[in-house]
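Accompanying notes for the structure given below.
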């Protein structure tokens with residue numbers, strides 16, 4: 193049984209220009225001891241769906257879900273008070289900007305200890321011992337001296353390590369890492385990822401890694417879910433995904449990796465931007481940017497089965513060729529040129 | 536922290552000399568002659584005028600007068616009032632407790648009401664609570680103080696008869712000043728009803744004096760709080776499963792207090808310098824009223840000495856605010 197099971201989660205924001213659906217029917221599940229990666233560009237609803245799960249969205253957000261279960265408990269129906277007993281303890285989260293995610297007015301020791309007191313009711317002495325242990329665990333040198341350090345005295349990498357220590361304080365069953373390395377130097381990124389994966393293996397917790405960096409996905413994830421404009425467009429095992437992406441969006445994302453561009457002057461890119469509230473296409477949301485789009489894609493879009501990575505596409509790709517495409521021979525040649 | 540305080544103290548010396556020059560020049564730039572004002576409508580003979588001028592040192596060149604004054608300052612002598620013939624310093628210390636008492640009560644009222652209201656308005660942003668608090672704050676901020684004071688006197692002292700009109704205590708009570716603070720002295724005197732009388736005299740002036748600082752503090756707290764509530768670390772605090780009370784009251788408020796402390800500090804400085812309008816309306820014998828009276832009498836020694844003392848108080852308050860700022864904001868301290 194998965195530790196986290198979400199069915200058909202939608203989040204709608206009430207804005208001054210009308211409702212905006214940031215997350216549109218997301219389904220995902222994570223087992224304990226598993227790393228699930230959620231990939232997508234900015235505005236694809238990756239963070240919002242996780243914040244919805246944590247109950248951290250502002251009141252302007254309306255959350256609906258067929259099921260939102262964590263370790264057998266229904267997160268969708270529980271009160272805010274009940275949820276606060278779970279978040280920070282069994283589900284914890286680290287964020288994109290470590291430097292601004294720590295409170296500048298309190299010491300590192302206080303901020304980690306606060307979680308321990310809140311959920312485990314530890315006394316001062318036990319908190320101190322456990323905090324030192326945690327700082328040591330995340331690879332911070334001289335942890336005892338760091339207790340009285342303020343966040344502005346730490347580098348970005350160190351801050352993220354402190355955030356990880358804080359998230360792990362109560363031995364969570366699920367850790368959500370929301371672009372944990374985006375704001376860090378490239379050399380530090382690898383260290384933090386290694387640390388997260390090592391800790392995940394040691395503690396056997398579930399890990400959801402949100403990222404827009406396909407390189408990070410390749411290095412760490414086991415299962416990958418690709419999101420676009422608030423929808424899940426594809427889900428595959430990481431190796432299969434890189435070998436044979438079924439959704440044109442995934443294929444285009446992979447084609448845009450610098451490592452895959454050979455002998456080209458310019459890196460391939462995906463034209464256009466993620467649709468906003470005003471220019472939302474009627475059926476397939478990727479249709480305006482898709483090279484394979486036909487009239488059918490403006491009327492309806494079909495969810496493919498497991499074998500095709502649950503791709504949300506009328507013409508899922510197999511080995512780079514769109515299946516059942518009307519002008520198959522013609523279109524394929526052109527797009528193959530585009531993608532390779 | 537000690538070095539920090541010391542470097543701030545070193546800055547006070549040049550400021551002090553600057554203020555002494557400005558205060559000395561300022562009162563002499565005003566048209567009018569203190570001796571002629573003393574003489575009143577009858578005037579005086581030229582001989583008597585010259586005699587008084589020599590006695591007060593006004594016949595000497597202006598630069599020499601300044602250096603005489605400066606020399607006196609370094610010996611702790613701020614001069615003598617032309618009108619009352621009492622030392623300026625002595626008058627100041629007689630009147631200053633009244634100003635402190637009023638300023639202290641006003642700032643306590645303004646912060647204990649203003650900060651929670653600002654926090655509430657920020658948390659309930661856009662709601663009717665927010666609209667009401669901010670609307671009232673704008674009215675309070677724009678209120679002409681002398682008019683507001685008179686309105687309150689008409690209602691509470693006149694129509695309702697709940698509070699006295701002016702002064703610090705009812706004439707029924709008399710006791711020698713011990714601390715100079717009427718609330719404390721009335722308690723020490725042990726006279727029945729004295730404390731209540733002192734308290735009831737304090738209410739209206741406190742409310743009037745607190746009105747503008749309260750509005751400023753509420754607005755400042757709200758805007759600082761709104762900014763802080765959107766910060767990443769507030770989201771972190773919430774993601775730890777902390778209660779909203781702790782997230783807002785500790786994690787957010789601590790950061791929001793940084794700009795508010797500065798505002799409160801500036802207000803304290805202004806209030807301690809004497810609330811000219813409020814003290815005048817309620818005949819409150821503090822230094823605000825003292826300074827105004829002295830300007831009208833062209834009491835050179837009192838005006839220049841008083842300005843200097845007020846400047847010192849403001850510098851001192853700012854020093855304390857700077858140090859408090861360092862206490863609450865670790866980024867300044869280290």
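Residue numbers (the working numbering), protein chains in the order written: chain A, 193 to 532; chain B, 536 to 869. The beta-carbon is built from N, C-alpha and C at its ideal position, and this holds for glycine as well.
Where the beta strand (DSSP E) containing residue 429 of chain A begins and where it ends:
423-429
Report the CB separation of residue 786 of chain B from residue 266 of chain A in whole angstroms; it is logged as a contact under 8 angstroms.
Not confirmed; about 29 angstroms, so no contact.
How would you write the range of the alpha helix (DSSP H) that residue 441 of chain A sits in, first residue to last?
440-447
By DSSP, does residue 205 of chain A sit in helix, in strand, or in coil?
strand
What do you get for residue 556 of chain B, buried or exposed, if any count of 16 or more other CB atoms within 10 angstroms of its CB means buried?
exposed
Shorter than 8 angstroms from the beta carbon of residue 766 of chain B to some beta carbon of chain A?
yes
Strictly below 9 angstroms CB to CB, what residues from chain B border residue 467 of chain A?
Simply none; closest approach about 26 angstroms.
Residue 266 of chain A by DSSP, collapsed to three states: which one?
strand
Which residue or residues does DSSP assign as beta-bridge partners of residue 256 of chain A?
A:202
Would you mind telling me which residues of chain A sit closer than 9 angstroms to residue 772 of chain B, beta carbon to beta carbon, in chain order?
295, 303 and 306
Can the beta-carbon of residue 214 of chain A be found less than 8 angstroms from the beta-carbon of residue 231 of chain A?
no
Determine the DSSP secondary structure at residue 493 of chain A, reduced to helix, strand or coil.
coil
What are the boundary residues of the beta strand (DSSP E) that residue 369 of chain A is part of?
366-370
Determine the extent of the alpha helix (DSSP H) in which residue 858 of chain B is found, giving its start and end residues.
835-863
Could you name the residues of the same chain whose beta carbon sits closer than 8 angstroms to that of residue 838 of chain B, not counting the 5 residues immediately before and after it, in chain order?
558, 561, 562, 826, 829 and 830
Using a C-beta cutoff of 8 angstroms, does residue 342 of chain A count as contacting chain B?
yes
Please tell me whether residue 280 of chain A has its Cβ less than 8 angstroms away from any Cβ of chain B.
yes
Output, in sequence order along the chain, the residues in the stretch 232-252 of chain A whose CB is closer than 9 angstroms to any CB in chain B.
243, 246, 247 and 248
Rounded Cβ spacing between residue 449 of chain A and residue 406 of chain A (contact assumed at less than 8 angstroms):
5 angstroms
Three-state secondary structure (DSSP) of residue 210 of chain A
strand
Buried or exposed: residue 203 of chain A, going by 16 or more other Cβ atoms within 10 Å of its Cβ?
buried
Run through the stretch 704-762 of chain B for me and flag every whole beta strand (DSSP E) of 3 or more residues, listed as ranges in chain order.
none
Do you know offhand how far residue 345 of chain A's Cα is from residue 336 of chain A's?
15 angstroms
Please classify residue 525 of chain B: does DSSP put it in a helix, a strand, or coil?
Only positions 536 to 869 of chain B appear in this structure, which leaves residue 525 of chain B out of reach.
Looking only at its own chain, which residues have a Cβ that is under 8 angstroms from the Cβ of residue 234 of chain A, when we skip the five neighbours before and after it?
404 and 466
My output table needs one value for residue 821 of chain B: the three-state DSSP class, helix, strand or coil.
coil
Proximal residues to residue 764 of chain B (C-beta, below 7 angstroms), its chain only, five neighbours per side dropped:
657 and 787
Which residues of the stretch 786-805 of chain B have a Cβ closer than 8 angstroms to any Cβ of chain A? Give them in chain order.
786, 789 and 790
By the DSSP assignment, the alpha helix (DSSP H) with residue 314 of chain A in it spans what residues?
No alpha helix (DSSP H) holds residue 314 of chain A; DSSP gives it neither H nor E.
Residue of B:693, B:660 and B:772 minimising C-alpha distance to residue 760 of chain B:
B:660
Min CB distance residue 865 of chain B to chain A below 8 angstroms
yes
Who pairs with residue 230 of chain A in a beta bridge, going by DSSP?
A:402 and A:417
Using a Cβ-Cβ cut-off of less than 9 angstroms, list which residues of the stretch 774-785 of chain B approach chain A; keep chain order.
774, 775, 776, 777, 778, 779, 781 and 785
Give the single residue among A:362, A:347, A:359 and A:357 whose Cα lies nearest to the Cα of residue 377 of chain A.
A:347
What three-state label does DSSP hand residue 514 of chain A in the structure shown?
strand
I want to verify the contact list: residues of chain B whose CB lies under 7 angstroms from the CB of residue 426 of chain A, in sequence order.
Here the premise fails: no neighbours, minimum Cβ distance about 29 angstroms.
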